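*Asks:* Take the sequence shown: its position 112, counted from the start at 1, is 112 in our numbering, and no numbers get skipped. Glycine included, every Cβ here is placed at the ideal spot set by N, Cα and C. A quick note: this is a predicted structure, and the numbers were derived from the prediction, not measured. Below is the structure I would like to discuss, written out as structure tokens.
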Amino acid sequence: MHNVLRLAIIGAGASGLIAASEAQHQGLLCTVFDKARRAGGRLASRRSDWGSFNHGAPFLSMPTQAPTPSDPRLQHALSHGLSTLHVSAIHGEKQPAFVPSDSINSLAQLWTQGLTCHFEHTLCELKHDGNNWWLKFSEQLGWLGPFDRVLMTCPPVQALALLSKLPSQYRLCQQLQTMHHAPCWSVRWAPKASPALAAGVFIRDDLQASGIALCIREDLRPQGGGAPRFTLHATAAWSAAHLEESSESVALALMHAAAEALKLPASTESLEAHRWRYGYVSAAAGKAYLRGEHGLFYAGDACLGATAIDAMHSGLAAADALCAELPLTA
1 MHNVLRLAII GAGASGLIAA SEAQHQGLLC TVFDKARRAG GRLASRRSDW GSFNHGAPFL
61 SMPTQAPTPS DPRLQHALSH GLSTLHVSAI HGEKQPAFVP SDSINSLAQL WTQGLTCHFE
121 HTLCELKHDG NNWWLKFSEQ LGWLGPFDRV LMTCPPVQAL ALLSKLPSQY RLCQQLQTMH
181 HAPCWSVRWA PKASPALAAG VFIRDDLQAS GIALCIREDL RPQGGGAPRF TLHATAAWSA
241 AHLEESSESV ALALMHAAAE ALKLPASTES LEAHRWRYGY VSAAAGKAYL RGEHGLFYAG
301 DACLGATAID AMHSGLAAAD ALCAELPLTA
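The following block contains the structure:
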């Protein structure tokens with residue numbers, strides 16, 4: 001009799017989605033859980049009357065050590081509505097990047113096709129009964145399961161909060177403690193019409209003295225369209241210094257800093273801020289994925305580096321490892 005092995009994936013960001021797609025392609029029965037209302041994680045977009053804002057990852061930048069996504073599975077995943085541009089990276093190098101013609105979240109929605117995903121599911125506890133894994137979510141009564149394996153792709157600090165309660169995962173927790181994210185405040189700014197907005201470039205990364213790591217001119221991305229508008233990403237240092245301030249005060253502060261740096265009027269038609277507590281990878285594990293006990297795995301951008309494509313590499317590596325060690329028949 002054939003028994004399909006069941007894999008629970010925690011997190012519907014780039015790493016979790018590509019891992020689920022690949023593991024399912026190789027024969028596992030995958031279920032993805034995420035606390036958000038939709039897939040994507042930091043591949044987040046917001047539509048507005050002025051056009052869309054990619055306020056999480058404005059583009060998909062390539063890792064410095066891998067100028068092209070050599071894995072054909074990555075090439076396939078990145079083949080939907082993306083243009084390749086060379087942008088100036090924060091460290092001053094010219095790197096290829098994939099830029100969406102539509103919202104970047106639409107790419108994540110494509111990746112969910114064929115997958116079983118449950119949103120607004122916040123994992124609060126997990127246990128292994130000697131044979132299987134069981135999961136408890138704050139929005140649900142009782143335990144969900146059983147699952148043969150679990151792949152966690154949430155930020156390391158969130159994984160640690162859950163796994164530190166399990167003595168069997170001590171070694172994995174030690175590894176997770178070496179991985180860190182820094183926060184990032186992101187601002188969506190649509191200024192009032194001004195002749196000064198006639199000029200501009202898609203991306204600027206030379207405003208760090210003003211506390212701005214990236215200044216994205218959303219209407220100037222390929223097929224971006226809409227009214228002139230900006231996504232501003234604060235530097236990690238600025239974000240940490242202002243982490244617990246209100247979104248309103250942060251939005252105003254970064255808008256005024258950008259307006260001064262760009263020599264634009266400090267005016268606004270729309271202004272909103274979003275706090276990414278785990279926006280920048282500040283310390284990576286240097287491994288493609290991590291392995292715990294009883295078939296528990298960890299993957300994500302903090303395994304390999306700072307980019308969404310690092311996260312996808314990690315997810316694929318974890319899926320391959322899971323499938324390689326598991327017999328698909330019983």
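1) Our contact map puts R6 next to F147 with C-beta atoms below 8 Å; I'd like the distance itself, whole angstroms only.
2) Let me make sure I understand the geometry here. Which of L43, Q75, C30 has the alpha-carbon closest to that of C117?
3) Just confirm the distance between the C-beta atoms of P156 and A240, as a whole number of angstroms; I'd bet it's less than 8 Å.
4) What do you get for R37, buried or exposed, if any count of 16 or more other CB atoms within 10 angstroms of its CB means buried?
5) Could you say which of H274, L232, Q26 lies nearest to I203 if we only look at CA atoms?
6) Residues in its own chain within less than 6 Å of E22 by CB, not counting five upstream and five downstream?
7) Determine the DSSP secondary structure at A108, reduced to helix, strand or coil.
8) Can you look up W50 in the DSSP assignment and give me helix, strand or coil?
9) My parser needs the alpha helix (DSSP H) runs of 4 or more residues fully inside the region 227-275; what are they?
10) Find the nearest neighbour of H25 within the set G295, L115, A39, judged by alpha-carbon distance.
11) Where M255 and R291 are concerned, what is the direct C-alpha to C-alpha distance, given to the nearest angstrom?
12) On the criterion of 16 or more Cβ atoms from any shown chain inside 10 Å, does R331 qualify as buried, or is it exposed?
13) Would you say W189 and R229 are within 8 Å of each other, going by their C-beta atoms?
14) Among S61, H180, A227, L176, which has the Cα closest to the Cα of K192?
*Replies:* Here's the rundown:
1) Taking a contact as a CB-CB distance under 8 Å, the pair R6 and F147 counts as one, their CB atoms being some 5 Å apart.
2) C30
3) A Cβ-Cβ distance of about 17 Å is found for the pair P156 and A240, leaving them out of contact under the 8 Å criterion.
4) exposed
5) L232
6) L316, A319
7) helix
8) Here W50 sits in coil by DSSP.
9) 236-241, 247-262
10) L115
11) 43 Å
12) The requested residue 331 does not occur in the structure, where the chain is confined to residues 1 to 330.
13) yes
14) A227
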